[in-house]
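There are 2 protein chains.
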Amino acid sequence: MMKVYFIQTGKTSEKHVADGVEQYVARIRRSIPFETITVPAVRNSRAMPAEEVKKREGQAIMSVIPSDSYVILLDERGTEYSTTEFASFMRRSLSGTRRNICFVSGGAWGFSQEAYGRADMKLSLSKLTFPHQLVRLLFMEQLYRVLTLIEGKPYHHE
Amino acid sequence: MMKVYFIQTGKTSEKHVADGVEQYVARIRRSIPFETITVPAVRNSRAMPAEEVKKREGQAIMSVIPSDSYVILLDERGTEYSTTEFASFMRRSLSGTRRNICFVSGGAWGFSQEAYGRADMKLSLSKLTFPHQLVRLLFMEQLYRVLTLIEGKPYHHE
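As structure tokens, then:
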């Protein structure tokens, strides 16, 4: 069965981000089969060149991408959609294919060349650079939002 | 003395947003004179046409904008900067002028024509539509980030 995955590097240590993410993930799961996979961040990365960190984290990401997945990297240099355009994209993706959809959010240093090579698409949430943990919250909110649009449900306000 | 203001409509009821905003505001205040002004959201707005809500909220916003302010509306249809471009803009704004800088975030329905008329600039944080409360968190993080760039300070990670 087709499933939507969100792969992230390192646990969410910022409590306000984790609290928000949890709320949206619960709502997303009412609409679609959805799973978050966390690969460990590289340890002692401060003593290591950024390229080496990205390479190791990239390998960890590769190893957990489910087979037969359409892979979308969340990347500042990717395509920028409006919410309506993202909803159209997700509507097509959820209905037209039996492949998994796999969103990948990188670590603090971004993606390795290997990860870029595996990507079917790059998606940008903003031209601005946000902390990679905050990106998780932005993504989850937006995925929840487009699912309400696709299903014609009201957006749940607190 | 020149000050940076953030004007928002309605209190921040989402706890995860309020927690994150508080963290960034404390850091921003170590760099610049910064103040958040909250105008009340219109009550019983569900029974009211959106235009009426926007008009009333717009009037409340107008009434609190400090005199001699450069007014920047946070608006999806505004100019989209990269973080580097936003840092350049803020560097110029903080050094070149003795006017206040006043960022304004609208209510759930957006801005009135009157508010658009008073704006010196419209700034977009993303093409995507985010909840107006979450926009506060995005803005505060980004303002903190550009201040670290301007001052050449390291970005504080939790």
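In the order they appear, the protein sequences are chains H and A. By my numbering, the letter at position 42 of the first sequence is numbered 42, and the numbering carries on one by one without gaps. By my numbering, the letter at position 101 of the second sequence is numbered 259, and the numbering carries on one by one without gaps. All residues carry an ideal CB built from backbone N, CA and C; glycine is no exception. Owing to the predicted nature of the structure, the values given are computational and were not obtained by experimental measurement.
Closest by CA to D68/H, which one among M2/H, G20/H, S31/H?
Numbered from its first residue, the first sequence carries residue 68/H at position 68. Nearest of M2/H, G20/H, S31/H to D68/H, Cα basis: M2/H.
Please classify V197/A as buried or exposed, where buried requires at least 16 neighbouring CB atoms within 10 angstroms.
As a working mapping, residue 197/A is identified with position 39 in the second sequence. With 16 or more Cβ atoms within 10 Å of its Cβ, V197/A is classed as buried.
Which residues, taken in chain order from the region 1-34 of chain H, show a beta carbon closer than 9 Å to some beta carbon of chain A?
Within the region 1-34 of chain H, the residues whose Cβ lies closer than 9 Å to some Cβ of chain A are S13, E14, K15, H16, V17, A18, D19, G20, V21, E22, Q23, listed in chain order.
Threshold first: 4 residues or longer. Then list the alpha helix (DSSP H) segments lying entirely within the region 162-214 of chain A, N to C.
For the region 162-214 of chain A, whole alpha helix (DSSP H) runs of length 4 or above, ordered along the chain, are 173-186.
Could you name the residues that DSSP lists as bridge partners for S124/H?
By 1-based counting over the first sequence, the position of residue 124/H is 124. Answer is E80/H, bridged to S124/H.
Cα-Cα, which of E57/H, A47/H, E52/H, P49/H is closest to G10/H?
The residue labelled residue 10/H in the question sits at position 10 within the first sequence. If we check each option's Cα against that of G10/H, E57/H comes out closest.
Drop a sphere of 10 angstroms on the beta-carbon of D233/A, count the other beta-carbons inside from all chains shown, and report buried for 16 or more, exposed for fewer.
What you label residue 233/A is simply residue 75 of the second sequence in a count that begins at 1. The residue in question, D233/A, is buried, as its Cβ has 16 or more Cβ neighbours within 10 Å.
I need the DSSP call for Y155/H, collapsed to helix, strand or coil.
Indexing the first sequence from 1 puts residue 155/H at position 155. Coil.
Entirely within the region 251-276 of chain A and at least 4 residues each: give me those alpha helix (DSSP H) ranges in chain order.
271-276, all fully within the region 251-276 of chain A.
According to a CB-to-CB cut-off of less than 9 Å, which residues of the region 236-267 of chain A neighbour chain H?
So the list reads E238, Y239, S240, T241, T242, E243, F244, A266, given in the order they occur along the chain.
Since S227/A sits in a beta bridge, which residues does DSSP pair it with?
The residue labelled residue 227/A in the question sits at position 69 within the second sequence. Partner(s): N258/A.
Measure from the C-beta of L286/A to each C-beta in chain H and report whether the shortest distance is under 8 Å.
As a working mapping, residue 286/A is identified with position 128 in the second sequence. Yes, contact with chain H.
Would a C-beta distance cut-off of 8 Å place G20/H and H314/A closer than the cut-off?
For this step, residue 20/H is matched to residue 20 along the first sequence. For this step, residue 314/A is matched to residue 156 along the second sequence. No; because the gap between Cβ atoms is not below 8 Å, this pair is not in contact.
Run through chain A and tell me which residues come within less than 8 Å of E141/H, C-beta to C-beta.
Counting from 1 along the first sequence, the entry for residue 141/H is found at position 141. Within chain A, the residues near E141/H are F288, P289, L292.
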